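Data first, discussion second: the structure below is written as structure tokens.
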Amino acid sequence: MRRATRSVTPSSPPLYHPGLHSFWSFDMPKRRRTDADDTEEELQEPPKDIPPVKRSDIWLEDGNVILQAEDTQFKVHRGLLARVSPIFADVFSVPQPADGDLTVEGCPLLHLQDSAQDINHLLSALYDQRYHTGRSMPFEVAAALLRLGKKYEIEPLFDEVVCRLKVDLPTTLECSDSLPQPNIWREFCGEDNILRDIAEFAYTSNIPELRPILPITLAWCCDSIITGEEEEDDINSKPLSPELQRVCLVGRQKMVDRFNEVFSWVDALGDSPECSGVCKTFTKSLWRPEPELDCLMEPWDRLVKFHAAKDRKYSVNLKKLCKHCYGNAKVAYESTREECWDLLPSFFGLPGWDVLNKDSAGAGA
């Protein structure tokens, strides 16, 4: 494919916005050269070859602006970018130098400090609408839309990804109970490491809107990491960062302590021989070989179904309990799991749900 050609005036800058120095590249004033500079330059090794600029697949013939990220250029429409992003609208509204603009195929060139891959995901979402609601999205794409949606204030894309995350990673006990099954992805592709990727991104990105998903994300991912559970494709498996590993270690121990409290009622059951036998098997199902932390906040009906599964080592049918024991067990469990949900953020050193949700709402206001 023919590479785009440039008509360049040596000292002229590309599109530049004075309020966004970190976004756009521009020429700095040059000081007078000295003999020392020439000598130093001669002693230096020759610079490495700069990779040639390449044209992306997003190259619209009627486009009127060129975006360049890393070594990749995209030919798109100023009007569309200005419509979806007040940042781009502001940039394009600033008068540019009349003479000698840096151009490609007659279009002004705008340098971005983002990765080419992120820009490609953003433009694909804007032009191709590749990920409509109801179609699963790779988290790599979601992360790009979150980063750039926040940076360039593209609210529809950003808000859609946040909503998707909150569908799969509930922020209320009611939403958690409404899931047909936990740890099953509906809005995102279930790639290896996706839970850990989301945990790392939400924890390190400093995006307030993502903070409410952190408690359940960390709760779901920490157990498999700490117990050494392998991914299906172990070659691509990667651990959490040391900081998040520490957070999960501390959080998991607190979850285990709470787990023992939530299911302490099991020891109080078993008035009849039949109920006693059920409770003994249920105890094994809960604690062997490791505490089943995934079922710590499950609704009662799903908990009963989960432990009755025939493929479990210790399958147990809680419905075989007498009416009195079954009723007491359900009441005791439902009350303690609500307390556990309320405490979940604190297990990982996070503020309470009310603060997390308030910060999230305030950031989006």
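Residue numbering for the sequence shown is 1 to 365, as defined by full-length UniProt numbering. All residues carry an ideal CB built from backbone N, CA and C; glycine is no exception. In this text, all values refer to a predicted model and were calculated from it rather than measured experimentally.
- Boundaries of the alpha helix (DSSP H) around D118: 116-128.
- Beta-bridge pairing by DSSP links V65 to V76.
- Per DSSP, C295 lies in no alpha helix (DSSP H) segment and is marked neither H nor E.
- The segment 154-161 makes no contact with the segment 214-223; the number of CB pairs closer than 8 angstroms stays below 3.
- Excluding its 5 nearest sequence neighbours in each direction, S205 has C-beta neighbours in its own chain below 8 angstroms: L146, R147, listed in chain order.
- When beta bridges are read from the DSSP output, M137 appears opposite F188.
- Rounded to whole angstroms, the gap between the alpha carbons of K320 and E292 is 21 angstroms.
- In the three-state reduction of the DSSP assignment, R302 falls in the helix class, which pools H, G and I.
- Of P108, E209, E261, E174, the smallest CA-CA separation from A363 is found for E209.
- Within 10 angstroms of the beta-carbon of I198 lie 16 or more other beta-carbons, which makes it buried.
- With a 10 Å radius around the Cβ and a threshold of 16 neighbouring Cβ atoms, P170 comes out buried.
- Separation of the CB atoms of K330 and W300 is rounded to 5 angstroms, and the pair is thereby assigned contact status at 8 angstroms.
- With 16 or more other Cβ atoms inside 10 Å of its own Cβ, E200 counts as buried.
- Taking a cut-off of 8 angstroms for Cβ pairs, the segment 243-252 and the segment 273-282 do not touch, as fewer than three such pairs fall below it.
- DSSP places R55 in the uninterrupted beta strand (DSSP E) bounded by 54-59.
- Collapsing the DSSP output to three states places V256 in a helix.
- When DSSP states are grouped into helix, strand and coil, V355 belongs to the helix group.
- When secondary structure is reduced to three states using DSSP, V161 falls in the helix class.
- Boundaries of the alpha helix (DSSP H) around C275: 273-287.
- Judged by their CB atoms, A69 and A116 are nearer to each other than the 8 angstroms cut-off.
- In the displayed model, P156 falls within a helix according to three-state DSSP.
- Between the alpha carbons of V266 and Q253 lies a distance of about 21 angstroms.
- Membership of C175 in the alpha helix (DSSP H) is indicated by the continuous run 173-178.
- Leaving aside the five residues that flank C189 on each side, the residues in its chain whose CB is nearer than 8 angstroms to its CB run, in chain order, S136, M137, P138, F139.
- Rounded to the nearest angstrom, the Cβ distance from R164 to E187 is 4 angstroms, consistent with a contact under 8 angstroms.
- G79 and T172 have their C-alpha atoms roughly 40 angstroms apart.
- Taken atom to atom, the span from the alpha-carbon of V256 to that of L344 is near 12 angstroms.
- CA-CA distance, I194 to K323, rounds to 42 angstroms.
- Taken through DSSP and simplified to helix, strand or coil, L218 comes out as helix.
- Between C340 and V262, the beta carbon gap of about 6 angstroms places them in contact (Cβ cut-off 8 angstroms).
- For C322, there is no enclosing alpha helix (DSSP H), since its DSSP letter is neither H nor E.
- Here V167 carries a helix assignment [DSSP, helix/strand/coil].
- For G349, the three-state secondary structure derived from DSSP is coil.
- Nearest to L240 by alpha-carbon distance, out of E274, Y203, F259, is Y203.
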